[in-house]
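Using my numbering, the first residue of the sequence shown is number 33, and each one after it goes up by one. Virtual Cβ for every residue (Gly too), placed ideally from N, Cα, C. Input: a single structure, listed below in structure tokens.
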Amino acid sequence: MPDQHAKKKALLEETPVKKSPRPVKLKPLREVLTGLITKIKRKDDYGFFLRPVDPAQVPGYAEAVPRPMDFGTMTIKVEKGRYRSLEEFSSDFQLVIANAKTFNPPGTIYHSEASRIETWGAEHIAKAAGQVIEYETDWNIEIERDEDIHVEGEDEDAAGLAQDPRRLRADPRL
């Protein structure tokens with residue numbers, strides 16, 4: 033018996049212990065998108081896609097590209113909370129790339145840079161999908177203005193605020 037016990041002990045010592053993977057820390061969409069757009073802009077080594085193309089300086093662009101998009105515009109949309117999902121962000125990212133590849137023929141630096149950034153960006157956007165907190169943000173809450181909810185005959189205090197017994201009162205202990 034001691035021989036079997038020694039064999040088991042030796043086997044256990046030889047078997048590498050697998051570490052459990054670190055749990056992924058979920059983050060709000062805006063935080064994830066802010067990090068992504070910052071990194072994507074850093075990948076644009078020449079700054080080709082940081083600002084909207086000026087059609088006055090680039091003849092034919094407006095005709096060839098019906099829906100312009102750039103990383104600067106995407107940054108503003110992130111800051112203003114205009115993206116409701118990672119998919120919307122990814123769609124704009126792909127639009128920047130598609131526009132660059134449509135207007136600039138293969139072999140040009142613009143086309144090759146768009147391809148390089150596309151490869152990097154697609155990989156990082158896919159990784160980010162596992163970090164975003166998924167929750168519904170479109171609650172469609174209607175906010176009524178004070179003048180819309182005034183009820184005739186309500187008593188008003190000196191500040192002009194309606195005194196309504198149905199109103200919640202503050203807890204005096206607070």
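Of the candidates Ala132, Phe121 and Ile72, the residue whose Cα lies closest to the Cα of Tyr93 is Ala132. With a beta-carbon spacing of about 6 angstroms, Ala160 and Leu118 fall inside the 8 angstroms limit used to define contacts.
Per the coordinates, the alpha-carbon of His143 lies some 6 angstroms from the alpha-carbon of Pro137. Close CB contacts of Gly104 within its chain, under the 6 angstroms cut and outside five residues either way in sequence, are with Leu82 and Arg83 (chain order). Annotated three-state conformation of Val97 is coil, per DSSP. DSSP places Val128 within a helical segment (H, G or I) once states are collapsed to three.
Scanning Ile69, Tyr78, Leu58 and Pro60 for the CA closest to the CA of Ser122 turns up Ile69. By alpha-carbon distance to Ile72, the top candidate from Phe125, Glu166 and Arg114 is Phe125. Annotated three-state conformation of Val85 is coil, per DSSP. Under a 10 Å Cβ-count criterion, Val128 is classified as buried, with 16 or more other Cβ atoms of the shown protein chains found around its own Cβ. Annotation: the continuous alpha helix (DSSP H) that includes Ser144 extends over Ile141 to Ala160.
The three-state secondary structure of Lys73, taken from DSSP, is helix.
Check the Cα spacing between Lys112 and each of Thr66, Ala88, Trp152 and Asp76: the tightest is with Thr66.
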